[in-house]
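The structure appears below as C-alpha cells.
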Amino acid sequence: MIDHKDLPPADEPVAAFSWSLELEPFRVDMLRFASVQLNDPHLAEDAVQEAMIGAMKNAHAFAGKAALKTWIFAILRHKIADILRKRQRLVTASSLQGSDEDEEDLDGLFDARGHWNPDDRPSHWGDPEQSARQQQFWQVFEVCLNHLPPNQSRAFMMREYLGLDSGEICTELGLSLSNLHVLLHRSRLRLQKCLELKWFQPNQPREEYHA
Amino acid sequence: MKNCHEITRLVSQGQERRLSLGERLQLRLHLLMCRGCANFEKNTRKLHRLMQAFARGQNEKTPGDDLK
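Keeping their order, the protein sequence lines are chains A and B. Take the first sequence: its position 185, counting from 1, is numbered 185 in this note's numbering, and each next residue is one higher. Take the second sequence: its position 63, counting from 1, is numbered 274 in this note's numbering, and each next residue is one higher.
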C-alpha cells in the first residue's frame, strides 16, 4: 500500500495528475454506488466527477489516516446527499415502491403460516471476525450487496453504509417510515440468505454459488 | 402470537427504533423457543458489524481487528 502521507500538495499540476491516478481504481465502484443511490447514470457520472475534483482540490486535507477509498467515498457521500436534496422529491414514494419484484421470492422463505421453511431457517454463523480476515469473504459480501434489488440497496446502503438516520433517508427518498422499514427488513432477509448460501452454510460447496 | 415472518420484522425494526416493552417481551419469548429466529437476530447484529467494518474500508486493510 502506498503511503499517502508522502503525496505532494495538489496545487501543482503534476501532483494533481498523480492524485487522479491514485483515485482511478475506485472509479468503477464509485460509479456503481452513485448509480444505485441516485437512480440516474448521468447524475451518477457527474457526482463521481465532482467527488474526484473535490478530492484533488482538498488533497491537503487527506491526513493519510483513513484508507483512501474510505476518504473518497466520504466525499462522494456528501455529493450524493447534496444532489438528492437539490432535486427534492422528484423520486417520489410511488416510484420507489413496487418496482422491486421480490415479494414472492422472500415469502418463499416462510410457509403459509409464516414459519421458516426448513431449508431457509437461518443457521449459526459463528464468529464474523474469522470471516472478516479473509479477502474472499469480502468479495462474497460485495456480490451479495450488489444483488439486492435497487430500492432495497438504496435504502440499506444509506442506512448501514452512509450511516444516515431513518428520518434523513425518508426525506431523501420520499418514503414513509413504514415503507423504509419494509425495505430494510427485506434487504436484511435477502442479504442474510445470500451470505448463508455463498459463505456461511457449512455443507455447501462454495464454488457452486459464484454469481 | 407472532409468527417467524413477523418476528423477523420486529428484529429488523429493533435496529431502527427502540421497541416497546410489549414488543421486546414478545421477541424474547419467541427467540427462546425458535432457533431459526434466534439465529436471524444474532446474524442481523453481525451483519450490522460487518457493514461497519466494510464502510471503514476494513476489506482494504487488515480485516477483523475492529470487529472485536
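Every residue, glycine too, gets a C-beta built ideally from N, C-alpha and C. A quick note: this is a predicted structure, and the numbers were derived from the prediction, not measured.
Through-space distance from residue j to residue i, alpha-carbon basis
i               : j               : result
I75 of chain A  : C144 of chain A : 24 angstroms
E142 of chain A : D111 of chain A : 29 angstroms
A132 of chain A : V140 of chain A : 11 angstroms
L214 of chain A : S176 of chain A : Here chain A comprises residues numbered 1 to 211, so residue 214 of chain A is not present and cannot be evaluated.
H60 of chain A  : A51 of chain A  : 15 angstroms
D119 of chain A : R256 of chain B : 22 angstroms
L221 of chain B : C194 of chain A : 21 angstroms
T171 of chain A : A81 of chain A  : 11 angstroms
L230 of chain B : M212 of chain B : 17 angstroms
G225 of chain B : L232 of chain B : 12 angstroms
R267 of chain B : E234 of chain B : 33 angstroms
Q212 of chain A : I53 of chain A  : With chain A covering 1 to 211 only, the question about residue 212 of chain A has no answer from this structure.
A249 of chain B : N117 of chain A : 15 angstroms
L84 of chain A  : A55 of chain A  : 20 angstroms
R228 of chain B : M30 of chain A  : 30 angstroms
Residue environment, residue i, which counts as buried when at least 16 other CB atoms sit within 10 Å
i               : result
H241 of chain B : buried
R190 of chain A : buried
H57 of chain A  : Before going further, note that residue 57 of chain A is Lys rather than His in the sequence given. It counts as exposed.
Q243 of chain B : According to the sequence provided, residue 243 of chain B is Leu. The question's Gln does not apply to it. Label assigned to L243 of chain B: exposed.
T92 of chain A  : In this predicted model, T92 of chain A has a pLDDT of only 47, less than 50, meaning its place in the structure is not dependable; the value taken from the coordinates is given anyway. That one is exposed.
R113 of chain A : exposed
H217 of chain A : Since the first residue of chain A shown is 1 and the last is 211, residue 217 of chain A is not available in this structure.
H181 of chain A : buried
K86 of chain A  : exposed
P122 of chain A : buried
K198 of chain A : buried
N151 of chain A : buried
Heavy atom of the ligand MN within 8 angstroms of residue i beta-carbon
i               : result
R229 of chain B : The ligand MN is absent from the structure shown, which contains no ligands of any kind.
Residue-chain proximity (residue i, chain C), Cβ-Cβ < 9 angstroms
i               : result
E160 of chain A : Judged by its chain identifiers, the structure shown contains no chain C, and its protein chains are A and B.
**Asked** Taking three-plus beta-carbon pairs below 8 angstroms as touching, is the region 127-134 of chain A in contact with the region 253-268 of chain B?
**Response** yes
**Request:** Report yes or no: do the region 41-51 of chain A and the region 163-179 of chain A share at least 3 C-beta pairs separated by less than 8 angstroms?
**Result:** no
**Prompt:** Which residue spans inside the region 138-198 of chain A form an unbroken alpha helix (DSSP H) run of at least 4?
**Reply:** 150-160, 166-173, 177-195
**Stretch pair the region 215-224 of chain B + the region 151-165 of chain A: three plus CB contacts closer than 8 angstroms** = no
**Item:** Members of the region 165-184 of chain A near chain B, C-beta cut-off 7 angstroms
**Value:** Result list: S166, H181, L184.
**Request:** Could you list the residues in the region 31-50 of chain A with a C-beta less than 9 angstroms from some C-beta on chain B, going in chain order?
**Result:** Cβ contacts with chain B come from no residue of the region 31-50 of chain A.
**Item:** Against chain A: residues of the region 220-240 of chain B by CB proximity under 7 angstroms
**Value:** R220, S223, Q224, E227
**Message:** What ranges does the alpha helix (DSSP H) occupy inside the region 29-83 of chain A, keeping only unbroken runs of at least 4 residues that lie completely in it?
**Reply:** 41-57
**Request:** Check distances from the C-beta atoms of the region 130-154 of chain A to those of chain B and list, in chain order, the residues that come in under 9 angstroms.
**Result:** Going along the region 130-154 of chain A in chain order, one finds Q130, S131, A132, R133, Q134, Q135, F137, W138, Q139, F141, E142, L145 with a Cβ nearer than 9 angstroms to chain B.
**Asked** Going along the chain, which unbroken runs of the alpha helix (DSSP H) with 4 or more residues stay wholly within the region 110-139 of chain A?
**Response** Contiguous alpha helix (DSSP H) elements confined to the region 110-139 of chain A occur at 128-132, taking only those with 4 or more residues.
**Request:** Can you give me, in chain order, the residues of the region 108-120 of chain A that have a beta carbon less than 7 angstroms from any beta carbon in chain B?
**Result:** F110, R113, G114, H115, W116
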